[in-house]
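A short worksheet on the structure shown next.
Number of protein chains: 6
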Amino acid sequence: MHIRLINPNTTASMTALMHEAAVRLAAPGTTLSASQPDAGPVSIESHFDEAVSAVGVADEVLKGEHEGGIDAYVVACFGDPGLLAARELTRAPVIGIAEAAFHLATLVSTRFSVVTTLGRTGIIAEHLLEQYGFHHHCRRVRAAEIPVLDLESSPDAAYQRIIDECARARDEDGIGAIVLGCGGMAGLQRQISQEVGLPVIEGVSAALKLAESLVALGIPTSKHGDLDFPRPKPFTGKFEGYSQLALGASAKR
Amino acid sequence: MHIRLINPNTTASMTALMHEAAVRLAAPGTTLSASQPDAGPVSIESHFDEAVSAVGVADEVLKGEHEGGIDAYVVACFGDPGLLAARELTRAPVIGIAEAAFHLATLVSTRFSVVTTLGRTGIIAEHLLEQYGFHHHCRRVRAAEIPVLDLESSPDAAYQRIIDECARARDEDGIGAIVLGCGGMAGLQRQISQEVGLPVIEGVSAALKLAESLVALGIPTSKHGDLDFPRPKPFTGKFEGYSQLALGASAKR
Amino acid sequence: MHIRLINPNTTASMTALMHEAAVRLAAPGTTLSASQPDAGPVSIESHFDEAVSAVGVADEVLKGEHEGGIDAYVVACFGDPGLLAARELTRAPVIGIAEAAFHLATLVSTRFSVVTTLGRTGIIAEHLLEQYGFHHHCRRVRAAEIPVLDLESSPDAAYQRIIDECARARDEDGIGAIVLGCGGMAGLQRQISQEVGLPVIEGVSAALKLAESLVALGIPTSKHGDLDFPRPKPFTGKFEGYSQLALGASAKR
Amino acid sequence: MHIRLINPNTTASMTALMHEAAVRLAAPGTTLSASQPDAGPVSIESHFDEAVSAVGVADEVLKGEHEGGIDAYVVACFGDPGLLAARELTRAPVIGIAEAAFHLATLVSTRFSVVTTLGRTGIIAEHLLEQYGFHHHCRRVRAAEIPVLDLESSPDAAYQRIIDECARARDEDGIGAIVLGCGGMAGLQRQISQEVGLPVIEGVSAALKLAESLVALGIPTSKHGDLDFPRPKPFTGKFEGYSQLALGASAKR
Amino acid sequence: MHIRLINPNTTASMTALMHEAAVRLAAPGTTLSASQPDAGPVSIESHFDEAVSAVGVADEVLKGEHEGGIDAYVVACFGDPGLLAARELTRAPVIGIAEAAFHLATLVSTRFSVVTTLGRTGIIAEHLLEQYGFHHHCRRVRAAEIPVLDLESSPDAAYQRIIDECARARDEDGIGAIVLGCGGMAGLQRQISQEVGLPVIEGVSAALKLAESLVALGIPTSKHGDLDFPRPKPFTGKFEGYSQLALGASAKR
Amino acid sequence: MHIRLINPNTTASMTALMHEAAVRLAAPGTTLSASQPDAGPVSIESHFDEAVSAVGVADEVLKGEHEGGIDAYVVACFGDPGLLAARELTRAPVIGIAEAAFHLATLVSTRFSVVTTLGRTGIIAEHLLEQYGFHHHCRRVRAAEIPVLDLESSPDAAYQRIIDECARARDEDGIGAIVLGCGGMAGLQRQISQEVGLPVIEGVSAALKLAESLVALGIPTSKHGDLDFPRPKPFTGKFEGYSQLALGASAKR
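Top to bottom, those sequences are chains G, C, Y, E, D and U. According to my numbering, the first sequence is numbered sequentially starting from 1. According to my numbering, the second sequence is numbered sequentially starting from 1001. According to my numbering, the third sequence is numbered sequentially starting from 2001. According to my numbering, the fourth sequence is numbered sequentially starting from 3001. According to my numbering, the fifth sequence is numbered sequentially starting from 4001. According to my numbering, the sixth sequence is numbered sequentially starting from 5001.
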């Protein structure tokens, strides 16, 4: 089984960090490769960053489909950028890390809180909670107020702020679990869980497992209805490469 | 990894059927055992059947905890009977097949329909959809109008009615996937999917995979807040055996 | 008119307390009897306690139906355990005290808060509020953090904590009424109302009145659809007594 | 106990019809008087009719308060016109017949449909269902397409259309109970219930019982917060009579 | 284009204030006239005040229709009293200031708070947010706790309390914009916006622009379905003037 | 006042069509310019097309900001692609045509239906209705099943299918108004409205008017919180041009 982890931002070191964290948790038979777009923002901290990165995600899925042999994709940014678009481009399951973390959190608790990086991106999590239906299950979206790349550049300070915010969530929110709201927090869940004494769900690992699950069950992304391959058509300019995509034909699943 | 499949009804042949279907999909390292309560209804087709079976589910979890070495439980009836109660009794994840199927269905489609056995149990699925937050994702809960045990006694006739109802769901509901709404349909998903041309999600296999996922990630059922072990206390009469349960103490996870 | 008050826990003194409180409020023509299950927990403070007590509630309804002449049932635990199951077993109305209190609270206020015993059972009230549709009407579910049986063993201390929490609800929540979230608080509503200056709704009395109302109007529990009598079927083990229940036949309403 | 039935329209014969139907169901100790506004529409079949009738309802409550000795009010039009305004004018409970019918319907069924008079007023029922929180419990709002006053002038034809629509609701909607959506249908519920074989809830009788319930329990309309007596102030023109209302002072409850 | 601003209360000085504020913002081709009912409360601070003022609003629309040549109406009280009734009486668009402010606020922010006058009327804004669908977009309904007419009599003190509450909303609520919750605040939005540094939306001006928009687009109030002209019928007493309204016939749009 | 109409697809003839239709409805003082991205799909009929077009929308806003003097933007595709991203890039209001049409439809009717082009894009409208809060106001999303560009290439056949679907909506849905669900239907609303006899709301014209409204009122897009200018940061590859965007500095509003 080959799963492709797509980091929607273009920071290769973050791709490596997430890949490394995920590899440790992959099933024995799972090959986990990782990539990031050639083009896009170095981190995703706004609606605009997210919109641009959605194209990068689609690019990486198209590359993967061209390459062949990829059984599922993980979109490793907590805003789940371009998720439905990516699903249209392949029969392989495509899992976002925000949805994955929300799903698993509801399986081990009745209420959870999200601890994310910047307050301004909290709205993205709120919108996803509403769209996915988990609005009532989440008590609060909290921010540790650290820029995404500080997770790499100042890991200790960033880690302490996350721990502090998780402790506040535990003490004030009436919750049973915490969702880490950034792909850059991959690998931290066990340690945080031990420190704060609650189950802590991190999205990259959660999505990896959901991807493995769907592949093992042979459940593909639906091609009946709105997730069917896009109608081939001309694209112009820097997106000309998408013209006359013939995805259904080449797919052999 | 040892996962215990609990059939909430007392029909051992249905336990065997579900176990057999699930074993084929278990991960290489997974040991899958199965049990059903000593006491309870032979099938679950009403709120009353479900309430009684919830105690059977709790019994089976307690047996499992006494036995030791069980890493996760699957509750294999589409009403998810006794799910929150079961979660209180163990640190191991406990997954219901209805919730599992709903979760996975949202990952491969934007809208799905449920095809269950009897119309009168449709309300149970509707209530779960509302409680879990998947209400907007489900277009319609449909019934093939077959009693649960007919899935064993008249498999061909039952199968045909399910196929017919799935085809109607595909043609009329504007959906991308179908959820099979009964544990007794375990093992049928691939064949139905081929016949109707849509992803078909079946709960026993879905729950198995979510259970494997949580165990692999080391995410336990929360013991912070309302899913903590029940306060030990006296029980009377036929439930006297639950008195002074000391679950937290004996648990070593 | 004969109404049977079912205390879902097995503490006879609490049954007596609730019965005594309710009798004082029963209509002139109402006979109010009370019972508790032979088997079950002495108090209900967890999802597990609640699941076990649901069977006790069903047992008591079956006893009542065998006995005959009972016009309605009240299920006197704030989690409304086994409510839909109980409704299937009889044509008589069956009223839960949580739902009853919520219904009446919306008739005299636009927003209310709930004051219950333990924080960990608050989630049960939240789930019921969502299921019944009163989610927007309730500002907050509060807990006085007193174990249920302390209401009997340390009534003065318990009472003071309830009063304090009700006063906080009045001062902080922007509400017009308070719902008492435990059957063990039966009889306290008038005194609390006088102390805090708000309408206070208590569930046992509320359910008694709703039961009397439905009986007086001749409105039975629906037997069309999902609340119809359960299909008779075999049960095994300690639940064998439920086998081949022939409720529809024996009922003469 | 003195309950005042307020018919929000000005057709005295409909007041009499509803009064007569309700008196037969009143508790032994209940005195039931009835009135209708001096001013307003002869029937209520639009948002405009309803807005005007809300003032009539307030007038009748003020008359009742001036008169004294009235323990509760029933507002007997299915749009519950002026309900919150009426509640501000008195400590006595004020119950609308739509809310009352919805509340009781949820106690004996999991899903119900409404059968009302004119299609154009269906939206009023829909808005109330959303506001009260019963939106998910109602499958469908149906109209027999009969003008309100035809219930009096052509009772047989009207009755047949109602029966036909109720039968369609039973056969097509997957429901357990029917709510009659017009005060003019008071008295018909038992006969319709027998003909269609479902519990049928009618609002005037339902509201009577809820009013009796609240009075028996001593639960007043909240005067804490937004349902407190209106701040006295000048009114002008034909509403000058409302100037400097001093309701709190004169009330002695 | 002729737009009529209807102040639902009877305080002519407040009509003048709102008219003056709106005129400054009217489009070049817009004639803006203003009126208030002959009868009703001098300010609207309760459900009762609102119910009475709804009739005044209808009266003013009827006057306008009799007069002729009016292209749209604005109902200038933040509870949008009588809005649906008014829409039935005319083909001209009728816009409430609360709905208008909510609509525009969602166009420039993802979350907003409301700052209104009295805490007791907050519930009216909450109900409207739920009815209109903006419930999730509003973080909080806040009150500066100033009686409506103090906006005129003590403008400086009132203004300072509004500013203070807006600043608290900005600092505590996680919002992007503020909605002013009272018609009496017309004209203050620019100054408040400058002081607190957020977009501030005021309803009178917002409604004026929405009214101009609909007229410019030639979009009338629907006369298909529930907003059609009311069925002509007798009215009695002080409302006799509404008898046999023949609105559809006289309208020539 | 200068408003820029952005056609998110790259078909210049459709830009011209929408521009021409909108110009006829622009206010006297409004200059309306139009553009489409240099790069992207020729029509938008899938989640993928939409994701790509979101970048095109952002590009056009950035061009507009560079150009200067643009007071508001209209995003003229019914999926409102890139709306929140676009809002971050400017202080000018940015209005989507779907949201605009929904907003105006609720002002003239209590329930509406949407008639769009292809069934597969219906889900996009459904998601927007849920996100914006208009879910309960819309009865049904209907598709005439015509590819977007057929609106240009086969206008007569396309028009007839739209009319037919609108007539079905009017007759079957219980609505008061129809929303046209595609920018390519710009200019058709009056004619369709006359043929089907209902108010018909078209998004391009609706958004134009909302844009004019916000500009006239001086209400900018919020720069407090999540719609603030994106944090400047490096972008790579074909998106390198977005690096170190310094939007806040250059803006002079």
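Using N, Cα and C, we set each Cβ at its ideal position, and we do this for glycine too. Note that the structure is predicted; figures quoted are calculated from it, not measured.
Practice prompt. Measure from the C-beta of Thr986 of chain C to each C-beta in chain U and report whether the shortest distance is under 8 Å.
Written response: What the structure shows of chain C is the stretch from 1001 to 1253, and residue 986 of chain C is not part of that stretch, so it cannot be assessed.
Worksheet item: With C-beta atoms as the reference, is Val2114 of chain Y less than 8 Å away from Leu2208 of chain Y?
Response: Cβ atoms of Val2114 of chain Y and Leu2208 of chain Y: not closer than 8 Å.
Item to complete: Give a yes or no on whether 8 Å exceeds the smallest Cβ distance from His3136 of chain E to chain C.
Response: Chain C contact via Cβ: present.
Worksheet item: Is there contact here, the stretch 5115-5135 of chain U with the stretch 215-222 of chain G, by at least three beta-carbon pairs under 8 Å?
Response: No, the stretch 5115-5135 of chain U does not touch the stretch 215-222 of chain G.
Worksheet item: Going by beta carbon distance, what residues of the same chain come within less than 7 Å of Asn1009 of chain C, once the five residues before and after it are set aside?
Response: The residues are Gln1036, Gly1040, Pro1041, Val1042, Ser1043, Ile1044, Ser1053 and Cys1077.
Practice prompt. Give the straight-line distance between the Cα atoms of Ala186 of chain G and Ala1105 of chain C, rounded to the nearest whole angstrom.
Written response: Their backbone Cα atoms lie some 25 Å apart in a straight line.
Discussion item. Quick check: the Cα distance between Ala5251 of chain U and Gly5068 of chain U, rounded to an integer number of angstroms?
Written reply: Note that Ala5251 of chain U has pLDDT 47, beneath the 50 cutoff, so the model's placement of it is unreliable and no number is given.
Practice prompt. Would you list, in chain order, the members of the stretch 5022-5048 of chain U that have their beta-carbon closer than 9 Å to a beta-carbon of chain G?
Written response: If the cut-off is 9 Å between Cβ atoms, the stretch 5022-5048 of chain U has Pro5037, Asp5038, Ala5039, Gly5040, Pro5041, Val5042, Ser5043, Glu5045, Ser5046, His5047 and Phe5048 near chain G.
Fill in: Distance, Gly5079 of chain U Cα to Leu1025 of chain C Cα
Roughly 40 Å separates the two Cα atoms.
Fill in: Start and end residues, alpha helix (DSSP H) containing Ala1064 of chain C
For the record, residue 1064 of chain C in the displayed sequence is Gly; it is not Ala. Note, Gly1064 of chain C: alpha helix (DSSP H), His1047 to Glu1067.
Fill in: Proximity of Asp1150 of chain C and Ala1158 of chain C at Cβ, strictly below 8 Å
Yes, Cβ-Cβ distance for Asp1150 of chain C and Ala1158 of chain C is below 8 Å.
Worksheet item: Applying a beta-carbon distance threshold of less than 7 Å, which residues of chain D neighbour Thr5221 of chain U?
Response: Here the neighbours are Val4108.
Practice prompt. Give the range of the beta strand (DSSP E) segment to which Val4148 of chain D is assigned.
Written response: Note, Val4148 of chain D: premise wrong, no beta strand (DSSP E); not H, not E.
Worksheet entry | Any C-beta of chain G under 8 Å from that of Glu2152 of chain Y | False, the Cβ-Cβ gap to chain G never drops below 8 Å.
Worksheet item: Would you report the Cα separation of Leu5180 of chain U and Val5196 of chain U, rounded to the nearest angstrom?
Response: Answer to the nearest angstrom: the Cα atoms are 13 Å apart.
Worksheet item: Which whole-angstrom value is the C-beta distance of Leu1089 of chain C and Leu1062 of chain C, which I expect to be below 8 Å?
Response: So it is a contact: roughly 6 Å between Cβ atoms.
Worksheet item: Unbroken alpha helix (DSSP H) runs of length 4 or more, entirely within the stretch 1013-1046 of chain C: which are they?
Response: Counting whole runs of 4 or more residues, the stretch 1013-1046 of chain C contains no alpha helix (DSSP H) stretch at all.
Item to complete: Would you give the residue range spanned by the alpha helix (DSSP H) that Phe134 of chain G belongs to?
Response: Secondary structure note for Phe134 of chain G: it is in no alpha helix (DSSP H), with a DSSP letter that is neither H nor E.
Discussion item. Below 7 Å on C-beta distance, what does Pro5093 of chain U contact in chain D?
Written reply: Pro5093 of chain U reaches chain D at Leu4107 and Val4108, counting residues in chain order whose Cβ is nearer than 7 Å.
Worksheet item: Just curious, the alpha helix (DSSP H) that Tyr1242 of chain C is in, first and last residue?
Response: Taken as a continuous stretch (DSSP letters only), Tyr1242 of chain C belongs to no alpha helix (DSSP H), as it is neither H nor E.
Worksheet entry | Rounded separation between Ala4051 of chain D and Glu3152 of chain E - CA only | A direct Cα-Cα distance of roughly 29 Å separates Ala4051 of chain D from Glu3152 of chain E.
Item to complete: Could you list the residues in the stretch 3119-3131 of chain E with a C-beta less than 9 Å from some C-beta on chain D, going in chain order?
Response: Listed in chain order, the positions of the stretch 3119-3131 of chain E with a beta carbon within less than 9 Å of a beta carbon of chain D are Gly3119, Arg3120, Thr3121, Gly3122, Ile3123, Ile3124, His3127, Glu3130 and Gln3131.
Worksheet item: From Glu2165 of chain Y to Thr5030 of chain U, what does the alpha carbon distance come to, in whole angstroms?
Response: Computed Cα separation, rounded: 59 Å.
Fill in: For Leu3104 of chain E, the first and last residue of its enclosing alpha helix (DSSP H)
Ile3097 to Val3108 is the span of the alpha helix (DSSP H), which, as asked, contains Leu3104 of chain E.
Worksheet item: Listed from N- to C-terminal order along the chain, which residues in the stretch 3078-3091 of chain E have their beta-carbon within a distance smaller than 7 Å of any beta-carbon of chain D?
Response: So the close ones are Gly3082, Leu3084, Ala3085, Glu3088 and Leu3089.
Worksheet item: Within 8 Å (strictly less), CB to CB, does Asp3226 of chain E reach chain Y?
Response: With 8 Å as the cut-off, Asp3226 of chain E counts as an interface residue toward chain Y.
Discussion item. Can you pull the chain E neighbours of His2103 of chain Y, defined as C-beta to C-beta under 7 Å?
Written reply: Taking the beta carbon of His2103 of chain Y as reference, the chain E residues within 7 Å of it are His3103, listed in sequence order.
Discussion item. Is there a Cβ of chain E sitting closer than 8 Å to that of Leu2210 of chain Y, yes or no?
Written reply: Chain E contact via Cβ: present.
Worksheet item: Can you name the residues of chain D whose CB is closer than 7 Å to the CB of Gly5218 of chain U?
Response: In chain order: Arg4190.
Discussion item. Comparing C-alpha positions only, which one of U:Gln5189, U:Phe5229 and U:Phe5239 sits nearest to Ala5101 of chain U?
Written reply: Closest option to Ala5101 of chain U, Cα to Cα, is U:Gln5189.
Worksheet item: So what does Tyr2073 of chain Y bridge to, in DSSP terms?
Response: Note: Tyr2073 of chain Y sits in a beta bridge opposite Y:Arg2004 and Y:Val2094.
Practice prompt. Report the three-state DSSP secondary structure of Leu2084 of chain Y (helix, strand or coil).
Written response: In the structure shown, Leu2084 of chain Y sits in a helix (DSSP, three-state: H, G or I).
Fill in: When G:Leu245, G:Phe134 and G:Leu17 are compared against Glu1130 of chain C, the one with the closest alpha-carbon
Residue G:Phe134 is the option with its Cα nearest to Glu1130 of chain C.
Practice prompt. Out of D:Arg4111, D:Gly4241 and D:Asp4038, state which residue places its alpha-carbon closest to the alpha-carbon of Leu4198 of chain D.
Written response: Nearest C-alpha to Leu4198 of chain D among D:Arg4111, D:Gly4241 and D:Asp4038: D:Arg4111.
Practice prompt. Output the boundary residues of the beta strand (DSSP E) element that contains Ala186 of chain G.
Written response: First-last for Ala186 of chain G: undefined, no H or E at that position.
Worksheet entry | Cβ of Pro1199 of chain C within 8 Å of any chain G Cβ | Yes, because at least one Cβ of chain G sits closer than 8 Å to the Cβ of Pro1199 of chain C.
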